[in-house]
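Peer 1: The numbering of the sequence shown is our numbering, which starts it at 990 and goes up by one.
Here you go, one structure.
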Amino acid sequence: MNNPEVIIVGAGVAGLAAAAALREGGRSCVVLEASQRAGGRARTVLVGADAFDLGATWLHDADRNKLADLALAAGDTLIDADATRTRITLIDGQPGTVEDEYAYNRAAQRFDTTCHARAGLDPDISLSDALADLRDDPWMATIETWEAAQIAAADPRRLSVRDWAANDLQGRNLWAEGGIGALVERRLAPLAGEIVFGAKVTRIAWGGPGVTVETSQGVVRAESCIVTVSAGVLAAGGITFDPPLPETHRGAIDALPMGLLTKIALHIPDGDRLGLAPGTSIRRRLSRPLEPVLSLHAWPHGARHIAGFVGGPAAWDLARGGEGATKAFALQQLGQALGVAAVAKVGEITVSSWGTDPLHRGAYTYALAGHAGARAVLGTPLAGGRLAFAGEAVCTDGLAGTVGGAFLSGERAAGMVR
Ligand SMILES: Cc1cc2nc3c(=O)[nH]c(=O)nc-3n(C[C@H](O)[C@H](O)[C@H](O)COP(=O)(O)OP(=O)(O)OC[C@H]3O[C@@H](n4cnc5c(N)ncnc54)[C@H](O)[C@@H]3O)c2cc1C
């Protein structure tokens, strides 16, 4: 490996975007990636003949999502996921009425207004505590679980209401034909220049005039380094920093735990649509917050599978139980929603494993109550720009936890390293 000006650790969206920006600015860099592929938490696999994203699924807030810009500029097809979606809410096993949907929407508006208003007040409290006055609403357990556990992948009893409000996603949600992971590999990775795969970084010495980075494939030196591994990898001590990171940055890492969202594809090989139109989303009214639930998305964009999502504490419990426990849960939830005949149709079951993967250790971060400023702290470069962090965890543009946010944070870090 030649010694470049900048070393980038991790070939996820943040690392690739940082490399592309550096190269566009005429600087040399190398990306060191522990695994054998680019994309990180954006990863597409095949389920039968159809693309299935194990990680990032939608390009949120599409009008300010640079990955969407890149895809459109290259002529790729992006589909408006909201326009192709219909919703069914099951109440005691039966589809809710139009009045039930109105009631849900009214409750969701009260939830939004309450949480955004509370986010502007001191002190910063948890999302659960912010909902104290809404507990009599029969929909609140469902909405809290949907917003905090399924979307933010977080535990609402720990999630900062200010961090939730700052990253409450707006705008259009687009789906990339062929999957987001494939899009990243096809359009972003080629802009990043040299990527060394299988190079696991173990130690970064940043006290010197430059940086020395030790990897499983040898030592690389450079003027500066951008670290894009997940906050979960940092918290687990997967990389030794010499000198150790200052208290500010260590505190910020501790305040940004990894949430977990597990995705499950239930393949129906005979193509039976089970009476559901493509794009049908099925959720269930819950009787208590954080009741384990699998939300279902049938035949996304015509595929022959039902995608299931389970997030927050329930996802961590299942991950601890192993893949078998997650598959059993998925079939039980499918049966509860669509009946035993649907379960009998299921062939291969594909389960994501972000929680147990040592290169990620979760899906994406949330800030703990009282620590909404942690993302900005972790994103503050050290030693005059010799060491900087990027990735979804440090995004302060309202897109934390997303590929769009990872992209922006990578570009920002590229502009700040020496
Ligand atoms: C199930 C799930 C669903 C999601 N849904 C969406 C969605 O719909 N829309 C959306 O926008 N976002 C979604 N996200 C979030 C999105 O995928 C992430 O925010 C984004 O991909 C993070 O990119 P990153 O570059 O910050 O980190 P990563 O993708 O984690 O990149 C870090 C890279 O560092 C590598 N690495 C780790 N340790 C080392 C080491 N020691 N040495 C070298 N390399 C190392 C890793 O292998 C990885 O490639 C989802 C994520 C998950 C898991």
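We put the beta carbon where it would ideally sit given N, CA and C, even for glycine.
Going by C-alpha to C-alpha distance, which of Arg1274, Lys1055, Ala1121, Ala1119 sits closest to Pro1084?
Peer 2: Mapped onto the sequence shown, residue 1084 falls at position 95. Nearest option by C-alpha distance: Arg1274.
Peer 1: Using 7 Å as the threshold, is the C-beta distance between Glu1133 and Glu994 below it?
Peer 2: Counted from its first residue, the sequence shown places residue 1133 at position 144. Counted from its first residue, the sequence shown places residue 994 at position 5. Not a contact, by the Cβ cut-off of 7 Å.
Peer 1: With a Cβ-Cβ cutoff of 7 Å, do Ala1031 and Val1173 count as a contact?
Peer 2: Locating residue 1031 in the sequence shown gives position 42, counting from the first residue. Locating residue 1173 in the sequence shown gives position 184, counting from the first residue. The answer is yes: Cβ separation under 7 Å.
Peer 1: DSSP puts Lys1252 in a beta bridge; with which residues?
Peer 2: Numbered from its first residue, the sequence shown carries residue 1252 at position 263. Paired residue(s): Phe1298.
Peer 1: Any idea if Val1002 is buried or exposed, counting beta-carbon neighbours within 10 angstroms, 16 or more meaning buried?
Peer 2: Along the sequence shown, one-based indexing puts residue 1002 at 13. Buried, by the Cβ-count rule.
Peer 1: Take the Cβ of Gly1197 as the centre, count every other Cβ of all protein chains shown within 10 Å, and call the residue buried at 16 or more, exposed below.
Peer 2: Sequence index remark: in the sequence shown, residue 1197 carries index 208 (1-based). Counting Cβ neighbours within 10 Å, Gly1197 comes out exposed, since fewer than 16 surround it.
Peer 1: Is it true that the CB of Ala1356 sits closer than 7 Å to the CB of Ser1149?
Peer 2: Stepping through the sequence shown from its first residue, residue 1149 is reached at position 160. Stepping through the sequence shown from its first residue, residue 1356 is reached at position 367. Closer than 7 Å, so yes.
Peer 1: Does the segment 1019-1031 come close enough to the segment 1165-1184 that 3 or more CB-CB pairs lie under 8 Å?
Peer 2: They touch, by the three-pair rule.
Peer 1: Is Gly1297 near ligand 1, judged by its Cβ being under 6 Å from some heavy atom?
Peer 2: Against the sequence shown, residue 1297 aligns to sequence position 308. No.
Peer 1: Measuring only from the beta carbon, is His1294 closer than 6 Å to any heavy atom that is part of ligand 1?
Peer 2: Translated into the one-based positions of the sequence shown, residue 1294 becomes position 305. Not so, every heavy atom of ligand 1 lies at least 6 Å from the Cβ.
Peer 1: Closest by CA to Gly1408, which one among Ile1215, Ala1108, Ile1295?
Peer 2: This structure cannot speak to residue 1408, because the chain is shown only from 990 to 1407.
Peer 1: Are the CB atoms of Val1209 and Ile996 nearer to each other than 7 Å?
Peer 2: Along the sequence shown, read from residue 1 onward, the residue named residue 1209 stands at position 220. Along the sequence shown, read from residue 1 onward, the residue named residue 996 stands at position 7. Result yes, Cβ atoms of Val1209 and Ile996 sit closer than 7 Å.
Peer 1: Is the closest heavy atom of ligand 1 to the C-beta of His1349 under 6 Å?
Peer 2: For this step, residue 1349 is matched to residue 360 along the sequence shown. Yes, Cβ of His1349 sits closer than 6 Å to a heavy atom of ligand 1.
Peer 1: Which whole runs of the beta strand (DSSP E) in the segment 1054-1136 are 3 residues long or more, in chain order?
Peer 2: Fully enclosed beta strand (DSSP E) runs of 3 or longer: 1067-1069, 1075-1080.
Peer 1: If you run the structure through DSSP and keep just helix, strand and coil, what is Ala1165?
Peer 2: Counting from 1 along the sequence shown, the entry for residue 1165 is found at position 176. Looking at Ala1165 - three-state DSSP - the assignment turns out to be strand.
Peer 1: Quick one, which of Ile1114, Asp1065, Asp1069, Thr1369 has its alpha-carbon nearest Asp1050's?
Peer 2: The count along the sequence shown starts at 1 and reaches residue 1050 at position 61. Comparing Cα positions, the closest option is Asp1069.
Peer 1: Return yes when the C-beta of Trp1153 is under 6 Å from any heavy atom of ligand 1, and no when it is not.
Peer 2: Walking along the sequence shown from the start, residue 1153 turns up at place 164. Checking the Cβ of Trp1153 against ligand 1 gives no.
Peer 1: Which residues in the same chain as Ile1257 place their Cβ atom closer than 6 Å to its Cβ, once the five residues preceding and following it in sequence are excluded?
Peer 2: In the sequence shown, the residue the question calls residue 1257 occupies position 268. Counting only Cβ-Cβ distances below 6 Å, and skipping sequence neighbours, we find Arg1293, Lys1334.
Peer 1: Please classify Gln1139 as buried or exposed, where buried requires at least 16 neighbouring CB atoms within 10 angstroms.
Peer 2: Sequence index remark: in the sequence shown, residue 1139 carries index 150 (1-based). It is buried - the Cβ of Gln1139 has at least 16 other Cβ atoms within 10 Å.
Peer 1: Look up Asp1231 in the DSSP assignment and say whether it is helix, strand or coil.
Peer 2: Within the sequence shown, residue 1231 is the residue found at index 242, counting from 1. Residue state, collapsed to three classes: strand.
Peer 1: Apart from the five residues on each side of it in sequence, which residues of its chain come closer than 7 Å, Cβ to Cβ, to Ala1266?
Peer 2: Translated into the one-based positions of the sequence shown, residue 1266 becomes position 277. Excluding positions up to five away in sequence, the list reads Thr1075.
Peer 1: Below 6 Å, is the gap between the Cβ of Lys1055 and the nearest heavy atom of ligand 1?
Peer 2: The count along the sequence shown starts at 1 and reaches residue 1055 at position 66. Flag unset: Cβ of Lys1055 not near ligand 1.
Peer 1: From what residue to what residue does the beta strand (DSSP E) around Ser1270 run?
Peer 2: The residue given as residue 1270 occupies position 281 in the sequence shown. Residues 1269-1273.
Peer 1: Tell me whether Glu1183, by its Cβ, gets closer than 6 Å to a heavy atom of ligand 1.
Peer 2: As a position in the sequence shown, residue 1183 is number 194, starting the count at 1. No - ligand 1 has no heavy atom lying nearer than 6 Å to the Cβ of Glu1183.
Peer 1: Taking C-beta to C-beta, are Ala1379 and Ser1398 nearer than 7 Å?
Peer 2: As a working note, residue 1379 is residue 390 in the sequence shown. As a working note, residue 1398 is residue 409 in the sequence shown. Result yes, Cβ atoms of Ala1379 and Ser1398 sit closer than 7 Å.
Peer 1: Please name the residue, chosen from Asn1156, Ala1143, Pro1179, Pro1370, that lies closest to Val1406 on a Cα-to-Cα basis.
Peer 2: The residue you call residue 1406 lines up with position 417 of the sequence shown. When only C-alpha atoms are compared, the closest one is Pro1370.
Peer 1: Of the residues Leu1067, Ala1244, Leu1158, which one's Cα is nearest the Cα of His1360?
Peer 2: The count along the sequence shown starts at 1 and reaches residue 1360 at position 371. The shortest C-alpha separation from His1360 is found at Ala1244.
Peer 1: Can Thr1191 and Glu1203 be called in contact, C-beta distance under 7 Å?
Peer 2: Position 202 of the sequence shown, counting from 1, holds the residue named residue 1191. Position 214 of the sequence shown, counting from 1, holds the residue named residue 1203. Yes, these two residues count as a Cβ contact at 7 Å.
Peer 1: Along the beta strand (DSSP E) that carries Gly1207, what are the first and last residues, could you check?
Peer 2: As a working note, residue 1207 is residue 218 in the sequence shown. Per DSSP, Gly1207 belongs to the beta strand (DSSP E) from 1207-1211.
Peer 1: Taking the C-alpha atoms as reference points, what is the distance between Asp1089 and Ala1106?
Peer 2: Counting from one through the sequence shown, the residue named residue 1089 turns up at place 100. Counting from one through the sequence shown, the residue named residue 1106 turns up at place 117. Approximately 26 Å, taken between the alpha carbons.
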